[in-house]
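With the first letter of the sequence shown counted as 1, position 269 gets the number 256 in the working numbering; the numbers rise by one all the way through.
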Amino acid sequence: MLEVSRRPWKLFEDECRGLVSQALTELGIEFDDIPFEPPPSYVYGELATPICMMLAKKLGLNQRDLALKVKSRMDKASRRFIAQVDVAGPGYLNFYLEKPTFFKLLISSIQALGNEWGQLESERKLKVIVEHTSVNPIHPIGIGHARNSFLGDSIASLLEARGYEVRRHFYIDDVGRQTSILTYGYRLLGSPKIQGKPDKFLGFIYAVTSCILEVKRLKSELESCRSRRSEDEYRRLTSQLDDWVGVAAELRGRDEKIFDKLLESIESDQDPEASIAEMNKLYEKHSDEDIVKITREVVSLCLEGFRETLSRVGVKFDSWDWESELVWSGEVDRILSLLKATPYCRIVESALVFDVAEAARDLGLESYKSYIGIDLEVPPLTLTRADGTTLYTTRDIAYAFRKLKLYDLSITVIGIDQKLPQTQLMIALSALGVGRVFDRYKPLFYGLVKLPGYKMSSRRGRIITLDEVLDEAKIRALIEVRKRSPDIDAEEADRIAEAIAVGAVKYALISVSPEKDITFNWDRVLNFEMNSGPFLQYAYARACSILAKADIDYVKTDFDPMLLRDELEEDLLIHISKYPEVVWSSSENLAVHMVAEYANELAMKFNTFYDKLPVLKAEPQELKIARLKLVYAFKSTLGSALRILGIKPLERM
């Protein structure tokens, strides 16, 4: 029966660890873990361990002598994937792979597993919820928030590959002042007919309404400041007002009719801020059917635009969770009651406040500072305002409580500016008696996406949407497709350019460590030669082309792994064998950028192999078959990595 392994490299590493462990036990030496690392070059083997040096130092022994004794014991043991063991330098143990046996198992496993290559089997099938995107329904998805979408979707795919049961959720933030500002403006316009894409149209209404309100506020403060005769404050406010007047002119230039109607309507309202606060309160309390109806209408229209954009990039959700329903169901009130029952709640100026720092000290959670990356004392958390309405973190606590009740692991993809509220949330959950919060609730923080020379602000109507970036990427990709394939028909070129555009933008936003900021650069994003989505897609298409031209059934034909002895072949095969370990370690660390880095290195190794060694013209035929098997193994591995990244593998470019 054909042997199949989902983790071939682990078999080799486990065999190495087992031999060292057995030898040390026979020598009567106690030890904990045995660390392994790749040597600086394959000249020194495929794995190495400094364990003998570590133990010798601890026991007062000669490092090299101990390594030689361990090697002597290992030489007598039977082994399968280890060709030889050497002692190097002061006492390293270097392990050399029995390549023919290992490569045979590797390629046979990849063929047998098919699309399941890279899919791991988990000892415990954890139930995981990944909440991501969750854009406020007041404007289109911007390029910055697209990073959230792509990170969340790829993390979910990565955890599925790990063997977990994963659900993707979108949390609809429909409660709060921002939504009420949009609903207020929409209502003043008489529920206007949507022009174009709904989220973009509503985003404009939100920006205009916010701008007019801000200008009105600043003018009022200036009047107050003039009476107080505070020159410094007056200059500061004047500068801010000048900025917002410029924003107003910019917005009016985009649609005079909407701007002027909103300006007239807001000016006729004696207290717009009070009107918005009242709308927010009525919606949260579900105490005015008209307010509930129009708010739901506005939010649903915005979500319609989100779904259109997300469908274009292949991001889907299992559930859309309304924040308002969390409130209306009584879940938020129940959480507030539970928090009030703890010794950490106080009434401060009619607001309910939770003393986070005191709770952290009492619960022994002060290590949160290193865990969450915050080097400060966490301030108290205001749970409710004086008027009884809740703040967003309060509602988030209720949502997180629900998630941890239903799932083993909850992952929330969220901006790095939310570290403090997320810390407050986790300490509050701990105070509520939720077990192992810091193990089970994992916020995945991500940094900004910057476009050179452009500062984004949804309140100012300055937002680069994901749709706009994709459209521009597609135009640029189409030029490259036509240059490479002048005879391609228009429909096929359009299909390929769309896939390249989506893949390029996705890779650019998830290939960098999440907490680092990204500067979006078109030359890098659409670089077909290295470290980009198109580069990976091109390498995959190249492999597909090679296999399609094969004039022999390489899949069913047996092969001799001894023929794959060129350094480039061995290097590529060893890298392929490590793919399941990358999936495992990436999922452990919620680090999907590690998959992107691996895929880029894999594609580079494949291109070097193919540029230097013939495949279709390889002689003799046995070598041709072996190299076709290698190309197939590469294609399967890169295809799996691309699917985790959410990038469409292309058979032609």
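Cβ coordinates follow ideal geometry from the N, Cα and C atoms, glycine included. Quick caveat: nothing in here was measured; it's all calculated off a predicted structure.
*Straight-line CA distance for Lys622 to Val489?*
Here the question's residue 622 lines up with position 635 in the sequence shown. Here the question's residue 489 lines up with position 502 in the sequence shown. Answer to the nearest angstrom: the Cα atoms are 20 Å apart.
*From Tyr270, Arg299, Ser298, Ser274, residue whose alpha carbon lies closest to that of Val285*: In the sequence shown, the residue the question calls residue 285 occupies position 298. Minimum Cα distance to Val285 is reached at Tyr270.
*Best match in Gly101, Ser252, Ile168 for proximity to Leu175 [C-alpha to C-alpha]*: Position 188 of the sequence shown holds residue 175. Among Gly101, Ser252, Ile168, the Cα nearest to that of Leu175 is on Ser252.
*Would you call the CB atoms of Leu632 and Ala133 closer than 7 Å?*
Sequence index remark: in the sequence shown, residue 632 carries index 645 (1-based). Sequence index remark: in the sequence shown, residue 133 carries index 146 (1-based). No, the Cβ-Cβ distance between Leu632 and Ala133 is not below 7 Å.
*Could you check which residue in Gly129, Glu17, Glu467 has the C-alpha nearest to that of Ser121?*
Here residue 121 corresponds to residue number 134 of the sequence shown, with the count starting at 1. Measuring from the Cα of Ser121, the nearest candidate turns out to be Gly129.
*What are the boundary residues of the beta strand (DSSP E) that includes Val72?*
Walking along the sequence shown from the start, residue 72 turns up at place 85. Here the beta strand (DSSP E) through Val72 covers 69 to 75.
*Since Asn81 sits in a beta bridge, which residues does DSSP pair it with?*
Position 94 of the sequence shown holds residue 81. The partner list for Asn81 (beta bridge, DSSP) reads Ala35, Asp73.
*Go ahead and label Phe18 buried or exposed: buried means 16 or more other beta carbons lie within 10 angstroms of its beta carbon, across all protein chains shown.*
In the sequence shown, counting from the first residue as 1, residue 18 sits at position 31. By the 10 Å Cβ count, Phe18 comes out exposed.
*Are Ile199 and Leu138 touching if we call contact CB-CB under 7 Å?*
Translated into the one-based positions of the sequence shown, residue 199 becomes position 212. Translated into the one-based positions of the sequence shown, residue 138 becomes position 151. Cβ distance not < 7 Å, so Ile199 and Leu138 don't count as in contact.
_If distances are taken between C-alpha atoms only, which option among Leu419, Val279, Gly317, Pro408 comes closest to Ala328?_
The residue you call residue 328 lines up with position 341 of the sequence shown. Looking at the Cα atoms, Leu419 is the closest of the given residues.
*In three-state DSSP terms, what is Tyr171?*
Against the sequence shown, residue 171 aligns to sequence position 184. Helix, per DSSP.
*State the DSSP-derived secondary structure class of Thr371, mapped to helix, strand or coil.*
The residue labelled residue 371 in the question sits at position 384 within the sequence shown. Residue state, collapsed to three classes: strand.
*Alpha carbon to alpha carbon, what distance is there between Cys3 and Pro37?*
For the purposes of this step, residue 37 is taken as the residue at position 50 of the sequence shown. For the purposes of this step, residue 3 is taken as the residue at position 16 of the sequence shown. Their backbone Cα atoms lie some 13 Å apart in a straight line.
*Are the stretch 540 to 551 and the stretch 608 to 616 touching, with three or more C-beta to C-beta distances below 8 Å?*
yes
*Using only alpha-carbon positions, find the residue among Leu378, Pro185, Leu224, Ile281 that is nearest to Arg164.*
In the sequence shown, counting from the first residue as 1, residue 164 sits at position 177. The shortest C-alpha separation from Arg164 is found at Leu378.
*Given a cut-off of 7 Å, decide if Gly434 and Lys642 are closer than it, judged by their beta-carbon atoms.*
Because the chain spans -12 through 640 in this model, residue 642 falls outside it and cannot be assessed.
*Just list the beta strand (DSSP E) runs in the stretch 114 to 191, keeping only unbroken ones of 3 residues or longer that don't cross its boundaries, in chain order.*
You should have 114 to 118, 152 to 159.
*Cβ atoms of Phe388 and Leu368: under 7 Å apart, would you say?*
Within the sequence shown, the letter at position 381 stands for residue 368. Within the sequence shown, the letter at position 401 stands for residue 388. Cβ distance not < 7 Å, so Leu368 and Phe388 don't count as in contact.
*Determine the DSSP secondary structure at Leu363, reduced to helix, strand or coil.*
Position 376 of the sequence shown, counted from the first residue, corresponds to residue 363. Leu363 falls in the coil class under three-state DSSP.
*For the candidate residues Lys303, His562, Glu556, whose alpha-carbon lies nearest to that of Ala143?*
Taking the first residue of the sequence shown as position 1, residue 143 is located at position 156. Among Lys303, His562, Glu556, the Cα nearest to that of Ala143 is on Lys303.
*Determine the extent of the alpha helix (DSSP H) in which Arg241 is found, giving its start and end residues.*
Within the sequence shown, residue 241 is the residue found at index 254, counting from 1. Looking at the DSSP string, the run of the alpha helix (DSSP H) that includes Arg241 is 218 to 241.
*Provide the residue span of the beta strand (DSSP E) that contains Phe341, from first to last.*
On the sequence shown, residue 341 is found 354 positions in, with the first residue counted as 1. Residues 338 to 341.
*Among residues of its own chain, excluding the 5 on either side of Phe293, which ones have a beta-carbon nearer than 7 Å to its beta-carbon?*
As a first step, residue 293 is located in the sequence shown; it is residue number 306 there, counting from the start. Cβ neighbours of Phe293 beyond the five flanking positions: Val122, Ile128, Asp186.
*Starting from Phe432, follow the beta strand (DSSP E) in both directions and report where the run begins and ends.*
Within the sequence shown, the letter at position 445 stands for residue 432. Unbroken beta strand (DSSP E) run through Phe432: 428 to 433.
*Other residues of its chain near Arg471: CB distance less than 8 Å, five sequence neighbours each side excluded*: Position 484 of the sequence shown, counted from the start, is the residue given in the question as residue 471. Counting only Cβ-Cβ distances below 8 Å, and skipping sequence neighbours, we find Met640.
*Starting from Phe402, trace the beta strand (DSSP E) both ways and give me its first and last residue.*
Numbered from 1 along the sequence shown, position 415 holds the residue referred to as residue 402. Before going further, note that residue 402 is Gly rather than Phe in the sequence given. From DSSP, the beta strand (DSSP E) with Gly402 extends over 396 to 402.
*Would you kindly check if the distance between the Cβ of Gly150 and the Cβ of Glu103 is under 7 Å?*
Position 116 of the sequence shown holds residue 103. Position 163 of the sequence shown holds residue 150. Taking 7 Å as the Cβ cut-off, Glu103 and Gly150 do not qualify as a contacting pair.
*asked:* With a threshold of 6 Å (Cβ to nearest heavy atom), would Arg423 be considered close to the ligand SAM?
replied: For the structure depicted, the ligand SAM is absent and the ligand set is empty, with no information on it obtainable.
*asked:* With distance defined between alpha-carbon atoms, name the residue in Glu557, Glu218, Asp383 nearest to Leu600.
replied: Stepping through the sequence shown from its first residue, residue 600 is reached at position 613. Closest by alpha carbon: Glu557.
*Would you kindly check if the distance between the Cβ of Ile125 and the Cβ of Tyr193 is under 7 Å?*
Residue numbering aside, residue 193 sits at position 206 when the sequence shown is read from its first letter. Residue numbering aside, residue 125 sits at position 138 when the sequence shown is read from its first letter. Result yes, Cβ atoms of Tyr193 and Ile125 sit closer than 7 Å.
*Report buried or exposed for Asp140, applying the criterion of at least 16 other Cβ atoms within 10 angstroms of its Cβ.*
Position 153 of the sequence shown, counted from the start, is the residue given in the question as residue 140. With 16 or more Cβ atoms within 10 Å of its Cβ, Asp140 is classed as buried.
*What does DSSP give as the partner residues of Cys289 in its beta bridges?*
Numbered from 1 along the sequence shown, position 302 holds the residue referred to as residue 289. None; Cys289 has no bridge partner.
*Give a yes or no on contact between the stretch 74 to 91 and the stretch 48 to 66, applying the rule of three or more CB pairs nearer than 8 Å.*
They touch, by the three-pair rule.
*asked:* Which same chain residues end up closer than 8 Å to Leu534 when comparing Cβ atoms and leaving out the 5 residues on each side of it in sequence?
replied: The sequence position of residue 534 within the sequence shown is 547, counting from 1. Taken in chain order, the residues that qualify are Tyr541, Leu615, Val618, Tyr619, Lys622.
*By the 10 Å Cβ neighbour count, where 16 or more other Cβ atoms means buried, how is Arg266 classified, buried or exposed?*
Taking the sequence shown and counting its residues from 1, the one referred to as residue 266 is at position 279. A quick correction: the sequence has Met, not Arg, at residue 266. Classification for Met266: buried.
*Would you report the Cα separation of Gln98 and Met41, rounded to the nearest angstrom?*
Taking the first residue of the sequence shown as 1, we reach residue 98 at position 111. Taking the first residue of the sequence shown as 1, we reach residue 41 at position 54. Going by the C-alpha atoms only, they are around 41 Å apart.
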